[in-house]
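S.K.:
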Amino acid sequence: MFFECSRLIDGNQPRLSNGITVTDVDGDGAFELVVTGYATNNLILKWDGSRLVDVAGPLLADPSGCAVAIAAADVDGDGREELYVLNSDRASGPKEMGDRLFACFGKHWLDLLAQPENAGMANRVAGRSVIAMDRHGHGRYGFVVAADGGPFRLFELSRRGRLEDAAEEAGIDLIGAGRGLLALPFLSDRVDLFACNEGGPNFLFRNLGDGTYEEIAEERGVADSRFAGRAVTAVDGPGYGGFGLLVGAWEGPQRLFVQRSGGGFVDEADPEMSFPGRVSSVIAADFDNDGYEELFFNLHGEPNRLFGWRDDRWQAIDLGDAAEPKGLGTGAAVADIDGDGRLELLIAHGNGVGGGHGAGHGGGHGGGSPQPLSLYRTAANHNGWLRVLPLTPYGAPARGAVVACTANGRRQVRSVCAGSGYLCQMEPVAHFGLGSARSVERLEVRWPDGMTAIVENPPIDRLLTVPYPPE
Ligand SMILES: [Ca+2]
Ligand SMILES: [Ca+2]
Ligand SMILES: [Ca+2]
Ligand SMILES: [Ca+2]
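Heads up: the sequence shown runs through residues 14 to 484, numbered per our numbering.
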């Protein structure tokens, strides 16, 4: 499936890389790839038409940081996405180094967590994941931080412009060994939250409609109490009654939780898919634009795995160059970097404290096994495609929105990524492969507040931006 094109990354040195996000850092309307570094600099990789070039300035590069996870979202409603960088200089429990919440004012970035008015908000518990969550659906996002050995945090901006922790008010302030997070409307018509815990039951938080949550993992069949859950993404499988959950485990069985009528989940991973391995991240995306998502498992020190929907079932398919049997995968993300309508795959590697290593064995500064990033593309084909970018009322990417695309009578559903896999966030675009279809009958966009917009017969083979509907 994949051909390596890592040579397109300028100055691609061995390093300890972890999480990745895809966001418009410089405000020019095009997305950059932001790659965190553990005791090394964060990268902001910008496509210059032929290569990915690092454009990070000193503040965002933050070379002294121990960055593990990253997420982007518009916290203050100015239409630009802020960046939350989770630092962990310990594997679990109390940590020394605080996190960063970078915000841009004009052309000037600053760390909101370093401002005097936010003193006391610093996160001093080690963690692994951060994602964006618009729990009220009003277009002003919070960041959920999954702690390891402390309660989950939810950083939001108050009306007075100060950061506050709304986790207790929202009812998500539980203590676990937090790993992968996923936030989208997959249980209710508002943004729900799934959280993997390594070595303990997962959390499934259903939005009660008012931005508060009830935890129902056990009753819905996804608690999986002794499970080594690490990474999670949403899957649109043929015939599924709603989004399925693909959960990758660190040295445990992989799960494909499919939602049944009534709301319960059933694990449908067959023995080949569930085979244990050191899974560090998972991605569901239609890489070949045939109209069906592939399921990608990024493993740490073992060959990666890829499953495609072939002959009415999930089958292991050949990864090509992206098998990388010696890759110490940490995070991975997809984006259409060159704008040709086919997704590229970027894989981060390394072995820092919060990355691929198992719980509790942190090396701290200077350890680990540095490796360069790797970038993959797929072969050109004649399949059609349509990419949809819904915007919030403020003009930022509407992460957590859901887009349905009907072509040739078949309906596909994607969510706009607010955070998934592990440590990562994908591009905030609903990407649809169309196979041999040459037209789309209908697009339906549903924002996190329940607002919907219908687009009949949209043009295909392009990126379609869908603004929030006017009053
Ligand atoms: Ca940009
Ligand atoms: Ca903003
Ligand atoms: Ca496909
Ligand atoms: Ca591409």
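Where a beta carbon is used, it is the ideal one built from N, C-alpha and C, also for glycine.
Taking a contact to mean a Cβ-Cβ separation below 8 Å, would you say ALA82 touches GLU94 in this structure?
M.R.: In the sequence shown, counting from the first residue as 1, residue 82 sits at position 69. In the sequence shown, counting from the first residue as 1, residue 94 sits at position 81. Result no, Cβ atoms of ALA82 and GLU94 do not sit closer than 8 Å.
S.K.: Can you pull the DSSP bridge partners for ILE160?
M.R.: As a working note, residue 160 is residue 147 in the sequence shown. Note on residue identity: the sequence assigns Ala, not Ile, to residue 160. According to DSSP, which records beta bridges pairwise, ALA160 is partnered with GLY140.
S.K.: Threshold first: 3 residues or longer. Then list the beta strand (DSSP E) segments lying entirely within the region 206-257, N to C.
M.R.: With a minimum length of 3 residues, the unbroken runs of beta strand (DSSP E) contained wholly in the region 206-257 fall at 216-220, 226-228, 242-248.
S.K.: Would you please verify whether the beta carbon of ARG28 is less than 8 Å from any beta carbon of chain D?
M.R.: You won't find chain D in this structure, because it holds only one protein chain.
S.K.: Just checking ASP41 against ligand 2 - is the residue's beta carbon closer than 7 Å to any of the ligand's heavy atoms?
M.R.: By one-based count along the sequence shown, residue 41 stands at place 28. Checking every heavy atom of ligand 2 against the Cβ of ASP41, none is found closer than 7 Å.
S.K.: Looking at the structure shown, is ASP23 part of a helix, part of a strand, or coil, going by DSSP?
M.R.: If you number the sequence shown from 1, residue 23 lands on position 10. In the structure shown, ASP23 sits in coil (DSSP, three-state: anything other than H, G, I, E or B).
S.K.: Distance check for SER287 and LEU2, CA to CA, integer angstroms please.
M.R.: The shown model of the chain, from 14 to 484, leaves out residue 2, and the question about it has no answer.
S.K.: Going by the C-beta, is ASP61 closer than 7 Å to any heavy atom of ligand 3?
M.R.: Within the sequence shown, residue 61 is the residue found at index 48, counting from 1. False, no ligand heavy atom lies under 7 Å from that Cβ.
S.K.: Return yes when at least one heavy atom of ligand 2 lies under 7 Å from the C-beta of ASP91, else no.
M.R.: Here residue 91 refers to the residue found at position 78 when the sequence shown is read from its first residue. At least one heavy atom of ligand 2 is nearer than 7 Å to the Cβ of ASP91, so yes.
S.K.: What does the Cβ neighbour count give for LYS59, buried or exposed, with the cut at 16 atoms within 10 Å?
M.R.: In the sequence shown, counting from the first residue as 1, residue 59 sits at position 46. So LYS59 counts as buried.
S.K.: Report the CB separation of SER142 from ARG192 in whole angstroms; it is logged as a contact under 8 Å.
M.R.: Here residue 142 is taken as the residue at index 129 of the sequence shown, counted from 1. Here residue 192 is taken as the residue at index 179 of the sequence shown, counted from 1. 6 Å between Cβ atoms; contact.
S.K.: Can you list every residue whose CB sits closer than 7 Å to some heavy atom of ligand 4, going in chain order?
M.R.: Answer in sequence order: ASP349, ILE350, ASP351, GLY352, ASP353, GLY354, ARG355, LEU356, GLU357, ARG390.
S.K.: Suppose you measure from the CA of SER171 to the CA of ASP223; what does that come to, to the nearest Å?
M.R.: For the purposes of this step, residue 171 is taken as the residue at position 158 of the sequence shown. For the purposes of this step, residue 223 is taken as the residue at position 210 of the sequence shown. One C-alpha to the other measures close to 17 Å.
S.K.: What does a CB cutoff of less than 6 Å around ALA443 pick up in its chain, not counting 5 residues either side in sequence?
M.R.: Stepping through the sequence shown from its first residue, residue 443 is reached at position 430. Result list for ALA443: VAL401, VAL416, ARG427, VAL429, in chain order.
S.K.: DSSP has THR36 in a bridge; who is on the other side?
M.R.: Position 23 of the sequence shown, counted from the start, is the residue given in the question as residue 36. GLU45.
S.K.: Using only alpha-carbon positions, find the residue among ALA183, TYR253, LEU221, VAL260 that is nearest to ASN210.
M.R.: Taking the first residue of the sequence shown as position 1, residue 210 is located at position 197. It is VAL260 whose Cα lies nearest to the Cα of ASN210.
S.K.: At a cut-off of 7 Å, is GLU94 close to ligand 1 when judged by its beta-carbon and the heavy atoms of the ligand?
M.R.: In the sequence shown, the residue the question calls residue 94 occupies position 81. The answer is no for GLU94.
S.K.: Identify, in the order they occur along the chain, each residue of the same chain with its Cβ nearer than 7 Å to the Cβ of GLY119, setting aside the five sequence neighbours on each side.
M.R.: Taking the first residue of the sequence shown as 1, we reach residue 119 at position 106. If we look at GLY119 and ignore the five residues flanking it on each side, it has no Cβ neighbours.
S.K.: Between ILE33 and ALA297, is the Cβ-Cβ spacing less than 8 Å?
M.R.: On the sequence shown, residue 33 is found 20 positions in, with the first residue counted as 1. On the sequence shown, residue 297 is found 284 positions in, with the first residue counted as 1. Not closer than 8 Å, so no.
S.K.: If I follow the unbroken alpha helix (DSSP H) through SER287, where does it start and stop?
M.R.: By 1-based counting over the sequence shown, the position of residue 287 is 274. Run containing SER287: 284-287, per the alpha helix (DSSP H) assignment.
S.K.: Quick check for students: name the residue ranges of the beta strand (DSSP E) that lie wholly in the region 147-206, counting only runs of 3 or more.
M.R.: 155-164, 166-170, 176-178, 188-197
S.K.: Short of 7 Å in beta carbon distance, which residues of its chain neighbour ALA183, apart from the five on each side in sequence? Order them along the chain.
M.R.: The sequence position of residue 183 within the sequence shown is 170, counting from 1. Result list for ALA183: ARG148, LEU167, GLY224, THR225, TYR226, in chain order.
S.K.: Just verifying my parser: in three-state terms, what is the DSSP assignment at LEU126?
M.R.: Position 113 of the sequence shown holds residue 126. Note: LEU126 maps to helix in three-state DSSP.
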